[in-house]
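Colleague:
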Amino acid sequence: MKILGIESSCDETAAAVVEDGRTILSNIIASQVEEHRIYGGVVPEIASRRHAEAIVGVVDEALKEAQCTLDDIDAIAVTYAPGLIGALLVGVNFAKGLALATGKPLVPVHHLRSHIASNYISDKELKPPFLCLVVSGGHSHIVEVKDYTDMRVVGRTRDDAAGEAFDKAARAMGIPYPGGVELDKIAEGGDENAYALPHPKVDGSPYDFSFSGLKTAVINLIHNKEQKGEEYSVPDVCASYRKAVVDSLTQNFLKAAEDLGYTTLVTAGGVSANSLLRRELERQCQGKYRLYMPEKYLCGDNGAMVGAQGYYEYLAGNIADQSLNAVATLPISETRFTKQ
Ligand code: KG4
Ligand code: ZN
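Sequential numbering from 109 applies to the sequence shown in the numbering used here.
(1) Which value, in whole angstroms, describes the spacing of the CA atoms of L214 and V166?
(2) Whole angstroms are fine: how far does the CA of D299 sit from the CA of G205?
(3) Closer than 7 Å by C-beta to T257: which residues in its own chain qualify, once you throw out the five before and the five after it? Chain order, please.
(4) Which word fits Q335, buried or exposed, when buried means at least 16 other C-beta atoms lie within 10 angstroms of its C-beta?
(5) Label E94 either buried or exposed according to how many other C-beta atoms from any shown protein chain fall within 10 Å of its C-beta, with 16 as the threshold for buried.
(6) Can you find a heavy atom of the ligand ZN that lies under 6 Å from the Cβ of S244?
(7) Along the chain, where does the beta strand (DSSP E) that runs through F361 open and close?
(8) Just to confirm, are L71 and L399 a CB contact at a threshold of 7 Å?
(9) With a threshold of 6 Å (Cβ to nearest heavy atom), would V379 be considered close to the ligand KG4?
(10) Could you tell me if D367 is buried or exposed, where buried requires 16 or more neighbouring beta carbons within 10 angstroms of its beta carbon?
(11) Identify, in the order they occur along the chain, each residue of the same chain with its Cβ nearer than 6 Å to the Cβ of P517, setting aside the five sequence neighbours on each side.
(12) How long is the line joining the alpha carbons of L329 and A412, rounded to whole angstroms?
(13) Using beta-carbon positions only, say whether V125 and S134 come within less than 7 Å of one another.
(14) Which residue from A270, Q394, G129, R264 puts its Cα closest to that of K351?
(15) Which residue's Cα is closest to the Cα of G187: E388, P439, G415, P286?
(16) When the Cβ atoms of the segment 403 to 410 are set against those of the segment 172 to 182, are three or more pairs found closer than 8 Å?
(17) If you draw a straight line from the alpha carbon of V354 to that of G377, how long is it in whole angstroms?
(18) Can you have a look at R158 and say buried or exposed, based on whether 16 or more other CB atoms are within 10 angstroms of its CB?
(19) Let me check you understand the geometry: is the CB of Y119 closer than 6 Å to at least one non-hydrogen atom of the ligand ZN?
(20) Note down the Cα distance separating A277 from V261, rounded to an integer number of angstroms.
(21) Starting from the N-terminal side, write out each stretch of the alpha helix (DSSP H) that is 4 residues or longer and does not extend beyond the segment 189 to 276.
(22) When you compare only the Cα positions, how much space is there between L220 and E338?
(23) Comparing the CB of D409 with every heavy atom of the ligand ZN, is any distance shorter than 6 Å?
(24) Helix, strand or coil, according to DSSP, for Y397 in the structure here?
(25) Let's see if you can read the secondary structure: which residues bound the beta strand (DSSP E) around K110?
(26) By DSSP, does E403 sit in helix, in strand, or in coil?
(27) Put I163 into one of helix, strand or coil per three-state DSSP.
(28) When the Cα atoms are used, what is the spatial distance from Y147 to Q392?
(29) CB-CB under 7 Å to R386, same chain, minus the five flanking residues each way: which ones, in chain order?
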């Protein structure tokens with residue numbers, strides 16, 4: 109079964125053709141990162157406009173690269189929540205138009221579910237149940253994936269998401285948006301024990317995260333040094349900060365795995381491309397847990413993951429009619445659309 113997956117929840121206009129939820133036939137991404145960089149973050153109005161300009165070409169390219177036409181596509185899957193509302197609306201309305209014109213089923217996909225599904229492409233044998241650490245620019249969740257479309261959040265961030273925490277700390281050091289990627293690279297050359305930073309815990313909620321205190325601590329450290337005219341080592345600050353964020357993510361994730369009895373652990377989302385997070389999880393899971401992580405090119409937003417999750421949503425009968433709307437915030441466990 110061939111699914112066309114469309115993604116426009118943030119600053120990537122993406123489309124892909126995916127076979128049976130597991131095999132990529134094409135995967136096209138038009139990134140707007142360069143344009144948002146001068147503003148230090150994503151400007152929603154600009155994002156919506158660029159999606160509207162790019163979407164026809166991106167979908168066309170995805171079909172061409174997969175060597176198919178719309179006739180060969182069995183269903184159209186689209187990210188409908190959560191994300192920037194104006195950005196989501198471009199993908200949703202485009203997919204609705206395609207579904208109406210072709211008579212193909214319209215499959216709404218939750219953005220975080222699709223991040224999780226990127227693992228079904230990277231590891232063909234992976235099947236639920238498993239425990240997943242979903243870490244992106246907007247979310248930090250520990251999710252029980254009981255089945256392909258049955259999920260429960262057991263831990264979440266109380267404030268900033270991990271990606272946001274990386275981006276904001278990077279910005280304070282003058283590293284351009286999205287700083288998380290660059291901070292990771294710079295940290296490779298630094299000493300992670302150079303600066304003592306807090307390792308935040310949420311009282312009474314061992315699986316929840318809190319990154320805003322840590323972010324403030326590193327920003328204060330940088331500003332203090334700058335005000336006093338003292339030198340500080342950017343690689344050392346990056347390494348110490350990355351270590352603190354990764355320690356928090358791995359500790360809570362592994363505690364949840366142990367308490368809830370999961371032996372299969374999975375990561376998903378942009379931050380799961382982080383080199384230290386990958387190394388630490390590999391090290392700590394060895395001999396104890398089966399660990400799955402998406403290949404790096406599938407960690408960030410893409411259409412293939414929408415096509416992959418779309419396949420399982422389709423099998424579960426999650427098909428929408430033309431009343432489908434975009435939703436800015438929506439729990440991963442919920443579906444909010446009228447079924448066909
Ligand atoms: O999943 P994603 O592409 O978009 C959202 O759904 O938010 O995640 C983007 C986030 C950004 O905050 C970016 O800085 C972060 O993922 N990120 C990283 C790395 N690569 C991307 N953070 C830390 N280390 C990385 N290597
Ligand atoms: Zn994402």
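Note that CB positions come from ideal geometry on N, CA and C, so glycine has one too.
Given the structure is predicted, the values throughout are model-derived calculations rather than measurements.
Modeller: The answer reads as follows:
(1) 18 Å
(2) Whole-angstrom Cα-Cα distance: 53 Å.
(3) Y420, E421, A424, N426
(4) exposed
(5) For the chain, the structure presents residues 109 to 448; residue 94 sits outside this window and is missing.
(6) yes
(7) Where F361 is concerned, there is no enclosing beta strand (DSSP E), although the alpha helix (DSSP H) it sits in stretches over 342 to 368.
(8) Absent from the structure is residue 71, since the part of the chain shown begins at 109 and ends at 448.
(9) yes
(10) D367 comes out exposed.
(11) The requested residue 517 does not occur in the structure, where the chain is confined to residues 109 to 448.
(12) 40 Å
(13) yes
(14) A270
(15) For clarity, residue 187 is Thr in the given sequence; the question names Gly instead. If we check each option's Cα against that of T187, G415 comes out closest.
(16) no
(17) 14 Å
(18) buried
(19) The sequence given here has Asp at residue 119, not Tyr. Not so, every heavy atom of the ligand ZN lies at least 6 Å from the Cβ.
(20) For A277 and V261, the distance between alpha carbons rounds to 27 Å.
(21) Assignment of alpha helix (DSSP H) within the segment 189 to 276, counting only whole runs of 4 or more residues, yields 193 to 210, 219 to 230 in chain order.
(22) 42 Å
(23) yes
(24) coil
(25) 110 to 115
(26) coil
(27) helix
(28) 38 Å
(29) M401
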